[in-house]
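These protein sequences, in sequence, are chains U and L.
Residue 3 in the UniProt record's numbering sits at position 3 of the first sequence, with consecutive numbering throughout.
Residue 336 in the UniProt record's numbering sits at position 336 of the second sequence, with consecutive numbering throughout.
Glycine included, C-beta positions come from ideal geometry on N, C-alpha and C.
Notes follow once the structure below has been shown.
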Amino acid sequence: MAQLTMIQAINQALAQALDQDPAVIVFGEDVGKNGGVFRATDQLQARFGEQRVVDTPLSESAIIGSAIGLAVNGMKPVAEIQFMGFLYPAMDQLASQASRLRFRSAGRYALPLVVRAPFGGGVRTPELHADSLEALFTHTPGLKVVIPSSAYDAKGLLLQAIDDPDPVLFAEPMKLYRAIKEEVPEAPYRIPLGQARVVREGRDATVLTWGAPVWLVHKLAGQLQQERGISLEVIDLRSLIPLDEETIMHSVSKTGRALVVHEAVKTGGFGAELASRIMEKVFLYLHAPVMRVTGYDTPYPVPQVEDEWLPHEERILQAVHELLDY
Amino acid sequence: MGICEAGLVQVLNEDGRVVGEQPQNLSDAQLKDLYRRMQWARLFDQRAVRLQRQGRIGTYAPLEGQEAAQVGSSYVLEKGDWLFPTYRDLAACFNFGLSYTSALLYTMGHLEGGRLEEGYNLFPISIMIATQLPQAVGAAWASKLKQDGRVALVYFGDGATSKGDFHEALNLASVLKAPVVFFCQNNQWAISVPLSKQTGHTVIADKAQGYGLPGVRVDGNDVLAVCQVAKEAVERARRGEGPTLIEALTYRLGPHTTADDPTRYRPAEELEQWKQQRDPLRRFRLFLEREGLWSEHEEEQSAAEFKTVMDEALKKAEQTPRSQLHQAFDYVYTNPPQDLLRQKEEVLSWTQRKGSVSWHN
Chain U
1 MAQLTMIQAI NQALAQALDQ DPAVIVFGED VGKNGGVFRA TDQLQARFGE QRVVDTPLSE
61 SAIIGSAIGL AVNGMKPVAE IQFMGFLYPA MDQLASQASR LRFRSAGRYA LPLVVRAPFG
121 GGVRTPELHA DSLEALFTHT PGLKVVIPSS AYDAKGLLLQ AIDDPDPVLF AEPMKLYRAI
181 KEEVPEAPYR IPLGQARVVR EGRDATVLTW GAPVWLVHKL AGQLQQERGI SLEVIDLRSL
241 IPLDEETIMH SVSKTGRALV VHEAVKTGGF GAELASRIME KVFLYLHAPV MRVTGYDTPY
301 PVPQVEDEWL PHEERILQAV HELLDY
Chain L
1 MGICEAGLVQ VLNEDGRVVG EQPQNLSDAQ LKDLYRRMQW ARLFDQRAVR LQRQGRIGTY
61 APLEGQEAAQ VGSSYVLEKG DWLFPTYRDL AACFNFGLSY TSALLYTMGH LEGGRLEEGY
121 NLFPISIMIA TQLPQAVGAA WASKLKQDGR VALVYFGDGA TSKGDFHEAL NLASVLKAPV
181 VFFCQNNQWA ISVPLSKQTG HTVIADKAQG YGLPGVRVDG NDVLAVCQVA KEAVERARRG
241 EGPTLIEALT YRLGPHTTAD DPTRYRPAEE LEQWKQQRDP LRRFRLFLER EGLWSEHEEE
301 QSAAEFKTVM DEALKKAEQT PRSQLHQAFD YVYTNPPQDL LRQKEEVLSW TQRKGSVSWH
361 N
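The following block contains the structure:
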């Protein structure tokens, strides 16, 4: 089995989707000859031609808007928005149009479209390149929000997202694009949406996270186990909508403690949603309030203070201790 | 094809006299059919406004004055083509297969009012301004990829040309040579804002130039001119030569919606001028009568026929059971997440407890 980075796994998934289904079309800014700014679409145009791997004008709203038209007319568009922050100019098309078309047409038109967007911090990008906007879209009925944290998951979840009859925002943590290599089967496979992954089993507290922090939390959990005998259960949600409530509640009722770690800003973040649901469902199992380590409520900061702004080791450790000592 | 002031394409002048080249491709039966469709659109419109006043339907956006623009342009489409309408384009939608009952259900706030007849590539009515333009480009793009020979026609108003989506859509369509026709009904007013405050330029069709596509300005109250211009644009798209921008110069005779009072912002003289001299139905009827194709008797007969059809449609709509909230959950996702299904169950359990009691009573 080949060792692949996440970006290679995504590239392979796109190639296989294009190969398997003539309705699939990949398009966006710089995805053609350049192969995407992160090379997610590398060589795809050479292999599948300019009709199926298409460089669009610099036009985010038109990219998502035309994806809607493509999808209703029988295609399976996979649109790339170069960075998640660039979804703001296309917010109208994604949030008020794509998400609602099935509803507006009372089920007549489904939209099998995927919007891929790199996001997340720690890579010293310019303004609006790193913002984690997933909560905006979990607050938008009709969309699905999927966030892989590994090469293996990225391939399986992306192929599943492309198969899905409804619009999926596929948010790719760019810090992980080349950070790790994993064994990824060559043959196409699919991972159902809405199934969380228990990254590490534990008994003292549950950490709920997604995207880049999964690896940080996983590493810390190992250290805590080894150095202090603290046993953390780490859950990578993998998709926020649909949400695997069963795995979450099962874990939290077992450990009695929950910590949410996400890069997005705190207020109104998906961590708040998780805390609420845990309170509603398993309150009597809790030994401590649900805690959160998140980005702060400022615009995504400049590179000089980025590392302190993001959930980092010390902040997570402190939260774990507060949670355990409560 | 007659061209008068500022490149405006016209076949009939305001008195219904032929000033341009009379289209050869329309038979007498088709000419009468065009008129009847316009007449029925107006009668539907007037009836809908009355129904709103009676509280039998909700907010309605009258199309009166724009019958020629809508009927003429949609008349040239084929069944498999795509039509992207706004809330003021029911005349075009009816031409394209939307039933009166569906339109009424929509205005009555039925969940299923948005479901359009199967077999017609009619897109849901766009409420947001200009969002449908890039969507139409996408549908046209798909047709180009599939080589199915279909064309997308998208309606929008003068106000939409101020939105980014208008510009992004024209630009993208031009790059892709997508088989799409951008049909602007310049009815002079975007709610209360006149064209002069919407754009610094006076001719919307000119905007096409900046994107490298043809722009045509047509008298939107002259159904024959609209038909001709739309036909050329659709044929051009079908031949693979790319998009066209059409500006149909027309006028909304009524309010923006039944919730709007145009006397607050619109000069009465302007309205009178369009109403008395430029009415699209009057103009075409004068022409047909002169040709011996229409008479007062046929006018009345056709109106009576409409009334029967409309009464039946209204009856059907009013007898349609009220929407149930639990149905709403079925239209969010094809495969709903567990949590949504739980919310649906909650709604159903409330319904069971409360019976069918309306919350408003």
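| Asked | Found |
| --- | --- |
| E29(U) burial status per 10 Å Cβ neighbour count (16 or more: buried) | buried |
| A13(U) versus G156(U): straight-line alpha-carbon distance, rounded | 8 Å |
| Separation of G254(L) from P194(L), as counted between CA atoms | 15 Å |
| Residues in the segment 71 to 83 of chain U having any Cβ partner in chain L nearer than 9 Å | A71, V72, N73, G74, M75 and P77 |
| CB contact flag (V214(U), I162(U), <8 Å) | no |
| Euclidean distance between Cα positions of W294(L) and R53(L) | 32 Å |
| C-beta contact flag for Q343(L) and F329(L) at 8 Å | yes |
| Contacts around I191(L), its chain only, beta-carbon distance under 6 Å, and the 5 residues preceding and following it disregarded | H256 |
| is_contact[P192(U), chain L] using C-beta, thresh 8 Å | no |
| As assigned by DSSP and simplified to three states, the class of V54(U) | strand |
| Under 8 Å between C-beta atoms of M61(U) and D92(U) | In the sequence under discussion, the amino acid at residue 61(U) is Ser, which differs from the Met named in the question. It is a contact, given that the beta carbons lie within the stated cut-off. |
| Residues bridged to L232(U) (per DSSP) | A205(U) |
| A140(L), DSSP secondary structure in three states | helix |
| Close Cβ partners of E289(L) (< 6 Å) along its chain, the five nearest in sequence each way excluded | none |
| Interface residues of the segment 87 to 98 of chain U facing chain L [CB-CB below 8 Å] | P89, D92, Q93, S96 and Q97 |
| Any C-beta of chain L under 8 Å from that of L101(U) | yes |
| Rounded distance between the beta-carbons of D279(L) and L12(L), thought under 8 Å | No, L12(L) and D279(L) are not in contact; Cβ-Cβ is about 12 Å, not under 8 Å. |
| Below-8 Å beta-carbon distance, T258(L) vs any chain U residue | no |
| Beta carbon proximity, M96(L) to chain U, threshold 8 Å | According to the sequence as given, residue 96(L) is Phe; it is not Met. By this cut-off, F96(L) is not an interface position. |
| Three-state secondary structure (DSSP) of R264(L) | helix |
| Continuous alpha helix (DSSP H) stretch holding residue 352(U): start and end | One cannot answer for residue 352(U) here, as it falls past the ends of chain U, which runs 1 to 326. |
| L323(U) versus L176(L): straight-line alpha-carbon distance, rounded | 56 Å |
| Spatial distance of D305(U) from P148(U) (CA atoms) | The sequence given here places Val at residue 305(U); Asp does not occur at that position. In a straight line, the C-alpha of V305(U) is about 26 Å away from that of P148(U). |
| Presumed contact (8 Å Cβ cut-off) between Q338(L) and P242(U), rounded CB distance | 7 Å |
| Interface flag, S66(U) vs chain L, CB-CB below 8 Å | yes |
| Start-to-end residues for the alpha helix (DSSP H) that takes in W309(U) | P303 to W309 |
| Residue range of the unbroken alpha helix (DSSP H) whose run includes R238(L) | V223 to R238 |
| Residue ranges of each beta strand (DSSP E) within the segment 31 to 85 of chain U, 3 or longer | 53 to 55 and 76 to 80 |
| C-alpha distance - I64(U) paired with P188(U), whole-angstrom precision | 26 Å |
| Alpha-carbon to alpha-carbon, V226(L) and F44(L) | 21 Å |
| Neighbour-count burial assignment, V260(U), 16 or more Cβ in a 10 Å radius | buried |
| 9 Å Cβ cut-off: residues of chain U touching M128(L) | D92, S96 and Q97 |
| Start-to-end residues for the beta strand (DSSP E) that takes in W82(L) | W82 to F84 |
| Residues of the segment 258 to 278 of chain U whose Cβ lies closer than 9 Å to any Cβ of chain L, in chain order | R277 |
| Where E127(U) falls: helix, strand or coil (DSSP) | coil |
| Chain-ordered chain L contacts of A110(U) [CB-CB under 8 Å] | T334 |
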